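As structure tokens, the structure follows; a few thoughts come after it.
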Amino acid sequence: MQITTRPFQDADLGRCLEIERAAVRSNHYLNDVIDYYRTTKGEFTLALADSFPAGMGKLTVLYDGSAWLELLRVHPDFQRQGMGKAIYRRYLEQIAAFGCPAARMYTGVKNVASAALAEQFGLHRGPEFRGMSLVIENRDILFPQTHFAHLTGEQAQQLLLGLQAQTSGFLSINHTFYALNPATCNGFAAAGWVYGDGEGSVLVCGARFQPQKALYIAALAAPDRAKKENALSFACNLAVMTGAEKLTVHFPNQDQQEQEFYQAHGFTVDPSDDVVYER
260 MQITTRPFQD
270 ADLGRCLEIE
280 RAAVRSNHYL
290 NDVIDYYRTT
300 KGEFTLALAD
310 SFPAGMGKLT
320 VLYDGSAWLE
330 LLRVHPDFQR
340 QGMGKAIYRR
350 YLEQIAAFGC
360 PAARMYTGVK
370 NVASAALAEQ
380 FGLHRGPEFR
390 GMSLVIENRD
400 ILFPQTHFAH
410 LTGEQAQQLL
420 LGLQAQTSGF
430 LSINHTFYAL
440 NPATCNGFAA
450 AGWVYGDGEG
460 SVLVCGARFQ
470 PQKALYIAAL
480 AAPDRAKKEN
490 ALSFACNLAV
500 MTGAEKLTVH
510 FPNQDQQEQE
520 FYQAHGFTVD
530 PSDDVVYER
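Numbering (the numbering used here), first residue to last: 260 to 538.
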């Protein structure tokens, strides 16, 4: 069997959806994001078995120029035959061509196969994160109204860059773990994801794609608990007004205080913790 790679073509979509359905039980999102993938810098790569699509993966260049490696899926009929390695080799070619200063991906903490493949190509285990979610069940309820406004990139940097320790250096939107740095702050602000109340509170809340499925709280910090609850109320209202089904938040999994805060406001722990790999 000859294994090769090539860029995705529109005619491949049906086969790619088959690969996605066969490779993972849930979280099927390719059909919703294919137009987004067509417009972002970085190749959507297919791995071919004798010219037949058997696997796929996307490299996306983020705000700071780093490479985010995502949607790596191989059809079960072709797993453990070198498809994933072929995609990673194509990743490395793109990383070199784009001059990416870093490359990252995430996986579940128990996904040994995904972690082993990443490590084979020079990615090292980084921080672990816990996800929690709140399903918005009653859209007729508005949470207590608070005043938050969009922040500029400069304002975002002033409030977010000091959160390195609190966030383990990463902000997560749609399970995309962005390095917390000035370029990310500017990009988030330009996307309209950064809010402040003028009293020291900051909220990063948005969706990279599938906003109807979930909004993601990438950061929430305030001078005291009352202001923190105000920021969370604002995020809940964003979800209600935009029609998002739920709010999701990620934070370092050793942060028991954050977990207790969100549990006190109805969030439940996601089934698995995540771990970031980077090189």
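We put the beta carbon where it would ideally sit given N, CA and C, even for glycine.
Owing to the predicted nature of the structure, the values given are computational and were not obtained by experimental measurement.
Worksheet item: Going by alpha carbons, who is nearest to THR298 out of GLU277, LEU321, GLU458 and ARG384?
Response: Minimum Cα distance to THR298 is reached at LEU321.
Worksheet item: Taking one C-beta from the segment 337-353 and one from the segment 488-504 each time, how about it: are there three or more such pairs within less than 8 Å?
Response: Judged by Cβ distances under 8 Å, the segment 337-353 makes no contact with the segment 488-504, as fewer than three pairs qualify.
Item to complete: Rank THR507, ARG538 and ASN290 by C-alpha distance to the C-alpha of VAL528 and give the top, closest one.
Response: Of the candidates THR507, ARG538 and ASN290, the one whose C-alpha sits nearest the C-alpha of VAL528 is THR507.
Item to complete: Output the residue ranges of the alpha helix (DSSP H) runs that lie fully inside the segment 377-428 and measure 4 residues or longer, sorted by chain position.
Response: Counting only runs of at least 4 residues, the segment 377-428 fully encloses the following alpha helix (DSSP H) elements, listed from N- to C-terminal order: 412-419 and 423-426.
Item to complete: Find out if the Cβ-Cβ distance for the pair ILE278, ARG332 is shorter than 8 Å.
Response: Yes, these two residues count as a Cβ contact at 8 Å.
Discussion item. Could you check whether the segment 444-456 touches the segment 404-422, counting it as contact only if at least three pairs of C-beta atoms, one from each stretch, sit closer than 8 Å?
Written reply: Yes, since at least three Cβ pairs between the segment 444-456 and the segment 404-422 fall closer than 8 Å, the two stretches touch.
Practice prompt. Could you tell me the distance, in whole angstroms, from the CA atom of PRO441 to the CA atom of SER325?
Written response: Between the alpha carbons of PRO441 and SER325 lies a distance of about 13 Å.
Discussion item. Residues in the same chain with beta-carbon distance under 8 Å from HIS524, minus the five sequence neighbours each way, listed in chain order, please.
Written reply: Cβ within range, chain order: LEU393, GLU488 and LEU491.
Item to complete: Could you spell out where the alpha helix (DSSP H) holding ALA345 opens and where it closes?
Response: Per DSSP, ALA345 belongs to the alpha helix (DSSP H) from 342-357.
Worksheet item: Which residue spans inside the segment 441-502 form an unbroken beta strand (DSSP E) run of at least 3?
Response: As far as the segment 441-502 is concerned, its whole beta strand (DSSP E) runs of at least 3 residues are 453-455, 461-465 and 473-480.
Discussion item. Please tell me whether PHE303 and PHE267 are closer than 8 Å, where the distance is taken between their beta carbons.
Written reply: The answer is yes: Cβ separation under 8 Å.
Worksheet entry | Cβ separation of ARG201 and LEU420, assumed to be a contact under 8 Å, to the nearest whole Å | This structure cannot speak to residue 201, because the chain is shown only from 260 to 538.
Worksheet item: So the alpha helix (DSSP H) VAL292 belongs to, where does it begin and stop?
Response: Residues 289-298.
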